[in-house]
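2 protein chains.
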Amino acid sequence: MTNANGNAGASSSSAYKKVLAPDTINPNVINVEYAVRGELSNRANTYADILAGSDEDKKKELRFESVVTANIGNPQQQPFLAQKPITFWRQIAALTEYPALLEDDHLPKEARSKLFPEDAQARARQLLDDLGSVGAYSHSKGVASIRKHVAEFIEERDGYPSDPELVYLTSGASGGVALLMQVLVAGPSTGIMIPIPQYPLYSATLSLYNANQVEYILDEKNDWALDVDGMTKAVDEARAKDIDVRAVVIINPGNPTGNCLSEENIRDVIRMAHEKRLVVLADEVYQVNIYQPKTRPFHSFKKVLRDFSKSSDAKERSIADDVELVSFHSISKGVSGECGRRGGYFELCNISPEVETEIYKLASVSLCSSVQGQIGIDLLVRPPREGEPSYALYKEETEGIYETLKDRSEKMQAKFNELPGVVCNEAQGALYLFPQLRLPQGAVDAAEKKGKKIDEYYCLEMLDATGICVVPGSGFGKKPERDGEDTLCFFRTTTLAKETDAFLDRFGTFHKDFLQKHKKA
Amino acid sequence: MTNANGNAGASSSSAYKKVLAPDTINPNVINVEYAVRGELSNRANTYADILAGSDEDKKKELRFESVVTANIGNPQQQPFLAQKPITFWRQIAALTEYPALLEDDHLPKEARSKLFPEDAQARARQLLDDLGSVGAYSHSKGVASIRKHVAEFIEERDGYPSDPELVYLTSGASGGVALLMQVLVAGPSTGIMIPIPQYPLYSATLSLYNANQVEYILDEKNDWALDVDGMTKAVDEARAKDIDVRAVVIINPGNPTGNCLSEENIRDVIRMAHEKRLVVLADEVYQVNIYQPKTRPFHSFKKVLRDFSKSSDAKERSIADDVELVSFHSISKGVSGECGRRGGYFELCNISPEVETEIYKLASVSLCSSVQGQIGIDLLVRPPREGEPSYALYKEETEGIYETLKDRSEKMQAKFNELPGVVCNEAQGALYLFPQLRLPQGAVDAAEKKGKKIDEYYCLEMLDATGICVVPGSGFGKKPERDGEDTLCFFRTTTLAKETDAFLDRFGTFHKDFLQKHKKA
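This is the structure:
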């Protein structure tokens, strides 16, 4: 008999050995770690299910009334983040999904104009002209007109030409990263540099493709800036071990660190990439999540790279066309927060045409990215302009989201720093804080007893006590370190929780209780 | 200076050697072949651009006024396929994109009811309750309630239990296939059996992951059925060469062949999979594209597998819970044809819980599939039922699409067989025909002069003469073969062209001209 869950279990014949087992499947899959959605996230899901269910006894066992998923940058997640989508985006999504709404005999013009501003209608019509139906596969690189708009956006942002044929629309930025890594990783000797701390998409992808992670350490004391000397040393050391280091991943603004790189810092990294022959993979998905725009504006790698062409030094000038760069962007972050549509793009810069052909071929195998995700990219790069009917509301909504995100980040950072044993850099950008914790030996001992790393233990205890789910620093490659009698470790929290005060209260109470519980006897 | 297309080209400094070149990138990427979107498809795109452009001289050089993309099963592609989307689907997509349409103060109840039937409104509200916002990442496996509905659909279809926790919502079926292949391929000795002819997603994915394609030949003389003895022999021969054959891909209904497997044939394959210890990967994306429902109904692998539990023979009974099966489905085909939403699912059956954990982890790395694709899956598995307001229109639309597809397939098959040197099996299912061509030596010689395979040459000539883009049989692994003085080869065409008569006229004229041009002197 088949058991209830349709799975094998005990009923499989004892003589039969399953083909797939942990020791027969791809060992690289086993090696993948992905902390943003691991044990903590699963336990948080279980708690959320209990709270949404009808078993009152089980509910009473929990010490909280809601789960706050601060483990993942998912702004529109309900009910505890619930960032509102931008009206203009959703109007165009609805019109392109159901074009009957644009037809007079279906929805008379006057009634339609009350529901959809003229510019939203015009944009939807134009998109439908360009792409036909959102139910059709597009070109494998994405709808041509949308790629053209992306190139125009990049040109306007950077002041340098951009070619739509070198723009690829992808399933979020992560779809693009996976594609590029498949091209870059030629075998087990390939090395790709990633920052520590880093977003675990990179380490997971490198594990999956069995490449070497060549780690470079971000400078915590210097607001998590890039330490170019340290990076150079990391390349040299890896190459001395016969690792074929060929690319460097840079996340700017930083995830989980929130650092926003200075122009000078970017310039130095590009020089280093040229000197050491490294492809630069620039993850720039938080480029509008900038909280100190005057002192720490966003500088795109593309612009800083092309600016080398203005140098009076011939060798420096050559950098502009030598260094291979892939830049990634997304609709999931920023002020749109449209994660569920799965829209992103990457732009190739200075990649040889032969390699570009191979990238195109590989993109073709997965046919195309979600067309509504592509439409999202069009909206990202072509927002309503001043004078257009949708402009006022768009401005109000996006500025509101921006200010809210900025306020929350600043408030949380300030409050974190008031707690004993917590030091938190301010976020210059992105959607996270990455506080450092100073924890006593008692906590380390308690964690060891449970077979957990100290930061994992802390985060699991936090979840059990408060319902708040965050990610331990070790999930980003930042290992706990001894410092005298204490241990220093980290966690990452998003700054997206709707009720920041309640979040901070719950967290603060937990943290003090935790220190009390584990202090020296 | 950077050149116009932002690429490197001549301006890169002569001293600098690019990091990425055909001989440094992943060699598996170089080895990938994907004929559905290759040279032919690119040339067709170029022609379409010319026809859409304003250069009248260039237009005049073309011998046709439209390009027909019969190379890819993309039913809603405009303007020459243009299958209409199902109204119920798009109403719900629009409402979930822009929930303001469900609010009385935005769209009064009466006006709303004119635009959206009550059941569409209710379904949209329910989906929004379940998933929150289409702009939020869902659970990595997909929205829980939608997976529950998939499991209910499978139970209703097969009469056996299905567990929502073993259902994964994916980016089309191809997203699921790529994920499973990553898990299955453990190293270069892994072998996966694929049919010949096959859908090139499989060969491309296996090339990319550097696994061995273990080919089994479909029986052309027997309507492309599975030849189980041949399959057994293929496993044995591969294993004798130390290839670790661990899975068999079966496409049913067949792509490109249109074969719909008999229950007996499926049963025999499952017995073989048990005997030889093979995981079965059942690609069932065309399960409602069945054109001879009485004589050739669709049988799911899951049902036939579970039916072994009813056997009086103990060994046969054990098969039901022994054989590991993954079944794939999609919203891109069927009568919905919603390719651009990127929705699909797979169900795991008899997979060990430890391996399931690894599959889940890997799914987490890419976060989730497009939420509108997931909603598409909900609509696929829960169509309007009799008595509900949307039922009549839904029935009319889907039956209309079904009949149109069936009629076109039958008409095209009949006409193909009237042409000299063309033999075409009838399609029992799916969206394609796969005619066999008997071509004279003159054509082979002409192809060789151009450095092309004979079937490639034929298809390129067809495109240049008619604007019709199809895929040569060699793109599906079906190689041209000598037969006396002639050569036998194939092409695949979709049966989706809106104007079937015009298509057949253009094709027929080309074919006769081609034979005339290349006949013996």
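Going line by line, the protein sequences match chains A and B.
If you count by numbering that gives the first Met the number 0, then the first sequence holds residues 0 to 520, one letter each, in order.
If you count by numbering that gives the first Met the number 0, then the second sequence holds residues 0 to 520, one letter each, in order.
Each residue gets a CB set at the ideal place from its N, CA and C atoms; glycine is no exception.
Item, Value
"Say whether the stretch 216 to 232 of chain A touches the stretch 259 to 270 of chain A, bearing in mind that this needs 3 or more beta-carbon pairs closer than 8 angstroms, one atom from each stretch.", "yes"
"Between the stretch 328 to 348 of chain B and chain A, which residues of the former have CB atoms less than 7 angstroms from a CB of the latter, in chain order?", "G336, E337, C338, G339, R340, R341, C348"
"Check whether the stretch 275 to 291 of chain A and the stretch 331 to 340 of chain A touch, using three or more Cβ-Cβ pairs below 8 angstroms as the test.", "yes"
"Which partner residues does D485 (chain B) have in the DSSP bridge list?", "B:D482"
"What is the rounded straight-line gap between the Cα of L106 (chain B) and the Cα of F115 (chain B)?", "11 angstroms"
"Quick one: list the residues of chain B neighbouring R276 (chain A), beta-carbon separation under 9 angstroms, in chain order.", "Y15, K16, K17, V18"
"Taking only beta-carbon positions, decide if N254 (chain B) is within less than 8 angstroms of chain A.", "no"
"Specify, as a first and last residue, the run of the alpha helix (DSSP H) that S161 (chain B) falls within.", "No alpha helix (DSSP H) contains S161 (chain B), which DSSP labels as neither H nor E."
"Determine the extent of the beta strand (DSSP E) in which I195 (chain A) is found, giving its start and end residues.", "189 to 195"
"On a CA-only basis, which of B:S132, B:Q75, B:G420 is nearest L127 (chain A)? Give me that one, please.", "B:Q75"
"Using a Cβ-Cβ distance under 8 angstroms, would N211 (chain A) count as near chain B?", "no"
"So, for P187 (chain A): in the same chain, excluding its five sequence neighbours on each side, which residues have a beta-carbon less than 6 angstroms away from its beta-carbon?", "N209"
"Express the C-alpha separation of E409 (chain B) and A272 (chain A) in angstroms, rounding to a whole number.", "60 angstroms"
"Is V182 (chain B) close to chain C, meaning its C-beta is less than 8 angstroms from at least one C-beta of that chain?", "Absence of chain C from the displayed structure is noted, the protein chains being A and B."
"Kindly indicate the opening and closing residues of the alpha helix (DSSP H) around G375 (chain B).", "370 to 380"
"Got a sec? Which residues, its chain only, sit under 7 angstroms from Y393 (chain B) by beta carbon, not counting five neighbours each side?", "I85, F87, P382, P383"
"Report the neighbours of K360 (chain A) on chain B: residues whose CB is nearer than 7 angstroms to its CB, in chain order.", "V31, Y33"
"Among the candidates A:R340, A:Q125, A:V28, whose CA atom is the shortest distance from the CA of G171 (chain A)?", "A:R340"
"Is there a Cβ of chain A sitting closer than 8 angstroms to that of L503 (chain B), yes or no?", "no"
"Give the interface partners of E323 (chain B) over in chain A, defined as CB-CB distance under 7 angstroms, in chain order.", "K17, V18, L19"
"In terms of residues, what are the limits of the beta strand (DSSP E) holding H273 (chain A)?", "Counting along the chain, H273 (chain A) falls outside any beta strand (DSSP E), though it belongs to the alpha helix (DSSP H) covering 262 to 275."
"Using a Cβ-Cβ distance cut-off of 8 angstroms, determine whether T245 (chain A) contacts chain B.", "The sequence given here places Arg at residue 245 (chain A); Thr does not occur at that position. At least one chain B Cβ lies under 8 angstroms of R245 (chain A)."
"Could you check the C-alpha separation between D103 (chain B) and S112 (chain B) for me, to the nearest Å?", "11 angstroms"
"Is the distance from the Cβ of Q412 (chain B) to the Cβ of L436 (chain B) below 8 angstroms?", "no"
"Counting only the same chain and skipping the five closest in sequence on each side, list residues whose C-beta sits under 6 angstroms from that of T1 (chain B).", "With a pLDDT of only 39 at T1 (chain B), under the threshold of 50, the placement of this residue in the model should not be trusted; the figure read from the coordinates follows. No residues qualify anywhere along the chain."
"Just verifying my parser: in three-state terms, what is the DSSP assignment at Y167 (chain B)?", "strand"
"Which residues in chain A have a C-beta closer than 9 angstroms to the C-beta of V354 (chain B)? List them in chain order.", "K17, L19, A20, P21, T23, I24"
"Give the DSSP bridge partners of V244 (chain B), in chain order.", "B:G190"
"Starting from S326 (chain A), follow the beta strand (DSSP E) in both directions and report where the run begins and ends.", "324 to 329"
"Does the distance from the C-beta atom of I330 (chain B) to that of A246 (chain B) stay below 8 angstroms?", "no"
"Any C-beta of chain A sitting closer than 8 angstroms to the C-beta of N73 (chain B)?", "yes"
"Using only the alpha-carbon positions, how far apart do N4 (chain B) and D243 (chain A) sit?", "Model confidence at N4 (chain B) stands at a pLDDT of 43, short of 50, so the residue's coordinates are unreliable; what they give is reported in the following sentence. Cα to Cα, the separation comes out at about 30 angstroms."
"Opposite L436 (chain B) in the DSSP bridges: which residues?", "B:V421, B:C488"
"Counting pairs of Cβ atoms below 8 angstroms between the stretch 288 to 308 of chain B and the stretch 461 to 475 of chain B, do you hit three or more?", "no"
"Can you list, in chain order, the residues of its chain with a C-beta nearer than 7 angstroms to that of I453 (chain B)? Leave out the 5 residues immediately preceding and following it.", "L438, A442, V443, A446, P479, T486, C488"
"For the stretch 203 to 234 of chain A, which residues have a CB atom closer than 8 angstroms to at least one CB atom of chain B, in sequence order?", "A203, T204, L207"
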